[in-house]
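In order, the protein sequences belong to chains A and B.
Everything in the first sequence is counted per our numbering, starting at 41 for the first residue and increasing by one.
Everything in the second sequence is counted per our numbering, starting at 0 for the first residue and increasing by one.
Written out below as structure tokens is the structure these notes cover.
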Amino acid sequence: MIKKIITLFLILIPINSHALIEVDITRGNLDPLPLAVSPLSIDEESRKSFQKVLKKENIGEEISTIVENNLSTSGLFNPLSKEAFLQAPDIANLKPRFEDWKLIKAQALITGKVNFMDDKLRVEFRLWDVLAAKEMMALAFTTVPTNWRRVGHIISDKVYERLTGEKGYFDTRIIYVAEEGPKTQRLKKLAIMDQDGFNNKFLTLGNELVLTPRFNPTSQMVTYLSYFKNLPRVYLLDIETGTQEVVGDFPGMTFAPRFSPDGKKIIMSFAKDGKSDIYTMDLENRIVERITNHPSIDTSPSYSPDGKYITFNSDRSGYQQIYIMKSDGSDVKRISFGNGLYGTPVWSPRGDLIAFTKLHKGKFYIGVMRTDGKGERLLTENYYQEAPSWSPNGRVLIFYRETKTNDKGEGFTAKLWSIDLTGYNERKIKTPTDASDPSWSSLLSN
Amino acid sequence: MILSKILKNTLLVLTTCIVLSACATKKEIATDIKGSMQGDVYTGTDTVKYLAEGVPDRVFFATNESILTTASRETLRAQAAWLRKNSGINVVLEGHADERGTREYNLALGERRANAAKDYLMTYGISSDRITVLSYGKERPVDSGSNPLSWSKNRRSVTVKAN
Numbered sequence: 041m042i043k044k045i046i047t048l049f050l051i052l053i054p055i056n057s058h059a060l061i062e063v064d065i066t067r068g069n070l071d072p073l074p075l076a077v078s079p080l081s082i083d084e085e086s087r088k089s090f091q092k093v094l095k096k097e098n099i100g101e102e103i104s105t106i107v108e109n110n111l112s113t114s115g116l117f118n119p120l121s122k123e124a125f126l127q128a129p130d131i132a133n134l135k136p137r138f139e140d141w142k143l144i145k146a147q148a149l150i151t152g153k154v155n156f157m158d159d160k161l162r163v164e165f166r167l168w169d170v171l172a173a174k175e176m177m178a179l180a181f182t183t184v185p186t187n188w189r190r191v192g193h194i195i196s197d198k199v200y201e202r203l204t205g206e207k208g209y210f211d212t213r214i215i216y217v218a219e220e221g222p223k224t225q226r227l228k229k230l231a232i233m234d235q236d237g238f239n240n241k242f243l244t245l246g247n248e249l250v251l252t253p254r255f256n257p258t259s260q261m262v263t264y265l266s267y268f269k270n271l272p273r274v275y276l277l278d279i280e281t282g283t284q285e286v287v288g289d290f291p292g293m294t295f296a297p298r299f300s301p302d303g304k305k306i307i308m309s310f311a312k313d314g315k316s317d318i319y320t321m322d323l324e325n326r327i328v329e330r331i332t333n334h335p336s337i338d339t340s341p342s343y344s345p346d347g348k349y350i351t352f353n354s355d356r357s358g359y360q361q362i363y364i365m366k367s368d369g370s371d372v373k374r375i376s377f378g379n380g381l382y383g384t385p386v387w388s389p390r391g392d393l394i395a396f397t398k399l400h401k402g403k404f405y406i407g408v409m410r411t412d413g414k415g416e417r418l419l420t421e422n423y424y425q426e427a428p429s430w431s432p433n434g435r436v437l438i439f440y441r442e443t444k445t446n447d448k449g450e451g452f453t454a455k456l457w458s459i460d461l462t463g464y465n466e467r468k469i470k471t472p473t474d475a476s477d478p479s480w481s482s483l484l485s486n
Numbered sequence: 000m001i002l003s004k005i006l007k008n009t010l011l012v013l014t015t016c017i018v019l020s021a022c023a024t025k026k027e028i029a030t031d032i033k034g035s036m037q038g039d040v041y042t043g044t045d046t047v048k049y050l051a052e053g054v055p056d057r058v059f060f061a062t063n064e065s066i067l068t069t070a071s072r073e074t075l076r077a078q079a080a081w082l083r084k085n086s087g088i089n090v091v092l093e094g095h096a097d098e099r100g101t102r103e104y105n106l107a108l109g110e111r112r113a114n115a116a117k118d119y120l121m122t123y124g125i126s127s128d129r130i131t132v133l134s135y136g137k138e139r140p141v142d143s144g145s146n147p148l149s150w151s152k153n154r155r156s157v158t159v160k161a162n
């Protein structure tokens with residue numbers, strides 16, 4: 041459903057330019073790059089056609105707004121107010137008058153046009169370096185009109201990549217648990233939405249408790265925990281077909297599932313007789329392998345991107361701490377030695393960092409450390425927050441945060457938040473209901 | 000001179016009163032919490048239900064712990080005695096954690112707590128066939144408060160009739 045319904049043709053229009061603007065994303069960017077997103081120009085006939093099909097007055101403007109919002113929320117760019125633009129969209133796309141854009145202090149400019157062609161949506165767009173008066177990139181692609189929001193996300197990704205040198209994370213989705221009702225009887229459903237909160241859809245009805253959904257590498261499958269028939273088990277859900285199946289045949293609770301980086305296995309915990317150990321199940325041949333065997337609680341496993349290592353948390357030292365081991369379970373090493381408890385380790389897609397939740401002196405932190413446990417950095421502190429999940433480019437973490445209730449036990453909320461790896465740019469993510477356990481998909485177009 | 004002394008003394012008495020009464024209120028609150036918590040284990044009864052007369056349905060745990068307290072063992076012995084008398088009844092032991100831990104670890108912790116109760120029931124003659132363990136982690140608190148007393152009520156294993 042995600043990749044298949046979009047027929048995407050990326051056609052590279054010849055480019056002849058040198059990278060002159062560069063955005064440094066490795067440190068907190070307190071001075072975002074000012075840029076102008078000129079609305080995509082549209083001819084009157086196309087405008088009317090899209091209006092009929094999509095019920096949108098001007099699809100060119102709508103797509104530009106998506107680009108603007110994405111670039112703005114990244115914290116790296118400062119899209120300028122359209123009111124200051126001097127050049128009309130159609131003319132700007134042909135050849136910008138750079139002096140006009142320089143005047144409003146734009147350093148980069150995005151222009152483009154959108155057409156209705158054979159019932160399809162065709163977009164072309166250009167990125168310009170205003171100060172150097174040069175074209176940096178030009179791309180065109182065609183898709184079904186209903187994919188118009190994705191078009192905005194793909195443009196954002198291409199611009200982000202061209203200006204930062206790293207892949208973007210806008211054409212992505214978030215799977216999470218939607219929550220409603222009183223704290224003592226929370227109703228929970230699986231939900232999926234675009235990274236920017238649009239196209240929200242519930243995937244389960246809320247008849248049973250569901251927790252911790254996670255995408256597979258192609259973002260078409262999800263593994264999660266369901267209390268179906270009051271038997272907490274790890275399940276597999278095909279988002280496209282809606283088919284669900286239980287993973288493995290365990291005589292007890294299985295939980296904390298994640299996919300291996302090749303998508304072929306599910307790694308999870310199995311609890312029995314008061315101890316929880318880590319197991320894998322091969323999805324092709326159904327072979328179950330035991331990875332840890334210890335009287336302690338071993339859970340929250342996460343693979344390194346090359347699949348050679350696993351990080352997990354265990355209380356074998358007496359308290360919850362983070363460990364790494366080889367993927368066959370050998371060479372177990374504790375890596376967290378700071379003050380407090382450490383949990384929910386997640387290996388970054390770049391392989392060099394592990395994100396975690398830390399509890400110390402009654403406060404919860406989201407942090408990162410290197411894979412040898414050194415270089416711990418705490419990004420955010422709060423009453424309660426946990427479960428970081430990486431953006432596919434490894435630059436942003438999404439997690440959930442719960443509020444403290446008042447004296448009467450009222451005022452409980454759970455929301456999704458994101459923060460840059462730099463510790464800057466913390467943002468609440470808008471969801472129709474309360475939300476927890478977010479998992480970020482891979483880039484859908486590539 | 001004398002007047003001022005009297006005044007001074009009155010003032011002193013007054014201040015002492017204020018200090019004392021402040022102390023008394025503080026102490027009262029402290030004993031109140033102490034009355035329902037020992038260490039950080041809940042010892043009150045306001046959320047407790049009963050399987051039968053004199054047979055409480057739940058036991059409580061310290062933070063991050065699954066060790067049974069003396070009071071818990073007493074409760075479980077009463078449950079075992081009742082279960083021996085009512086041999087047709089099976090039970091589910093529902094293990095829970097408070098909200099101050101990560102979700103996945105708490106699922107495991109709930110399972111460990113319910114198993115601690117199960118093991119104890121088994122040593123008092125209840126067959127493991129009659130006991131199912133179900134962990135809810137921190138998903139089903141009984142008290143929605145965000146304070147040590149509320150958390151202590153939520154760290155529990157509840158014995159529920161399965162049939």
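In this text, a Cβ means the ideal position worked out from N, Cα and C, and glycines have one as well.
Applying the 10 Å Cβ sphere with the 16-neighbour rule, what's the burial state of residue i?
| i | result |
| --- | --- |
| B/Ile88 | exposed |
| A/Asp338 | buried |
| A/Met321 | buried |
| A/Pro222 | exposed |
| A/Asn446 | exposed |
| A/Asp302 | exposed |
| A/Glu324 | exposed |
Note down the Cα distance separating residue i from residue j, rounded to an integer number of angstroms.
| i | j | result |
| --- | --- | --- |
| A/Thr443 | A/Lys229 | 20 angstroms |
| A/Thr204 | A/Leu393 | 20 angstroms |
| A/Thr478 | A/Gly415 | One point to set straight first is that residue 478 of chain A is Pro, not Thr, in the sequence displayed. Going by the C-alpha atoms only, they are around 25 angstroms apart. |
| A/Gly449 | B/Val159 | 25 angstroms |
| A/Gly292 | A/Ile306 | 17 angstroms |
| A/Lys92 | A/Glu280 | 27 angstroms |
| B/His95 | B/Ser149 | 13 angstroms |
| A/Gly413 | A/Ile215 | 29 angstroms |
| A/Thr351 | A/Val386 | 7 angstroms |
| A/Trp168 | A/Pro119 | 14 angstroms |
| A/Lys95 | A/Thr186 | 11 angstroms |
| A/Leu245 | B/Ser127 | 34 angstroms |
| A/Ala454 | A/Phe404 | 14 angstroms |
| A/Phe268 | A/Val217 | 15 angstroms |
| A/Ser559 | A/Gly369 | Nothing about residue 559 of chain A can be reported from this structure: the residues present for chain A run from 41 to 486 only. |
| A/Ala178 | A/His193 | 16 angstroms |
Shorter than 9 angstroms from the beta carbon of residue i to some beta carbon of chain A?
| i | result |
| --- | --- |
| B/Arg154 | no |
| B/Thr101 | yes |
| B/Ser143 | yes |
| B/Asn89 | no |
| B/Ala61 | no |
| B/Tyr104 | yes |
| B/Ser166 | In the structure displayed, chain B extends from 0 to 162; residue 166 of chain B sits before or after that span and is not available. |
| B/Val157 | no |
| B/Asn114 | yes |
| B/Arg57 | no |
Step through the CB atoms of chain B and report whether any lies within less than 9 angstroms of the CB of residue i.
| i | result |
| --- | --- |
| A/Trp480 | no |
| A/Lys11 | Within the shown structure, residues of chain A are numbered from 41 to 486, placing residue 11 of chain A beyond reach of any answer. |
| A/Thr471 | no |
| A/Glu426 | yes |
| A/Ala296 | yes |
| A/Met293 | yes |
| A/Gly383 | yes |
| A/Ala148 | no |
| A/Glu450 | yes |
Check this for me: beta carbons of residue i and residue j, under 9 angstroms apart or not?
| i | j | result |
| --- | --- | --- |
| A/Pro74 | A/Ala146 | yes |
| A/Gly380 | B/Thr101 | no |
| B/Arg83 | B/Gly124 | yes |
| A/Arg298 | B/Glu138 | no |
| B/Leu108 | B/Ser65 | yes |
| A/Ile131 | A/Val163 | no |
| A/Ser89 | A/Asn133 | no |
| A/Lys311 | B/Ser134 | Per the sequence shown, residue 311 of chain A should be read as Ala rather than Lys. Cβ distance < 9 angstroms, so A/Ala311 and B/Ser134 count as in contact. |
| A/Ser376 | A/Ile362 | yes |
| A/Met261 | A/Asp234 | no |
| A/Asn433 | A/Tyr209 | yes |
Secondary structure, alpha helix (DSSP H): runs of 4+ residues fully inside the region 62-126 of chain A: 84-94, 99-113
Which residue spans inside the region 211-291 of chain A form an unbroken beta strand (DSSP E) run of at least 3? 213-220, 227-234, 250-255, 261-266, 273-278, 284-286
If you scan the region 40-107 of chain B from start to end, which runs of the alpha helix (DSSP H) of 4 or more residues do you find wholly inside it? 69-84
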